[in-house]
C-alpha cells in the first residue's frame, strides 16, 4: 500500500482502519511526520515489525516510511548523498 498521507493529516484512525481492512504486506507513506510516527508505530509495529523512516529536516514535511511484514535491507546509503533523503531503496528476498 502506498500513499501520501499529507503532513497535516491528523485522521490516523481512518488510515489504520484501511490498513486493517486490506492487510498489505508493505506500507509506504510520504509526507510522514514524527507526529504520524507517534500514533502509527505503536499501532502497526506488531503486524509490521520491520520499519525504515527518514525525516529530512532541511526539506520540510518530506518524511517517508516503509513498514513491512518481512525483513528488508536498506540500500539507500549506496545512493549519492543528494538522493538519499528523497528515494527509498530497499531489497527483500522472497523464497
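Residue numbers (our numbering): 1 to 95. Built from N, CA and C at the ideal position, the CB exists for glycine as well.
**Item:** Residues bridged to residue 28 [DSSP beta-bridge criterion]
**Value:** 2, 66
**Separation of residue 49 from residue 15, as counted between CA atoms** = 18 Å
**Message:** Using only the alpha-carbon positions, how far apart do residue 41 and residue 94 sit?
**Reply:** 25 Å
**Own chain residues within Cβ distance below 6 Å of residue 45, not counting five before or after** = none
**Item:** Segments assigned alpha helix (DSSP H), at least 4 residues, entirely inside the region 9-55
**Value:** 12-22, 34-44
**Message:** Just verifying my parser: in three-state terms, what is the DSSP assignment at residue 93?
**Reply:** coil
**Request:** Count the other C-beta atoms from every protein chain shown that fall within 10 angstroms of the C-beta of residue 22, then say buried if there are 16 or more, exposed otherwise.
**Result:** exposed
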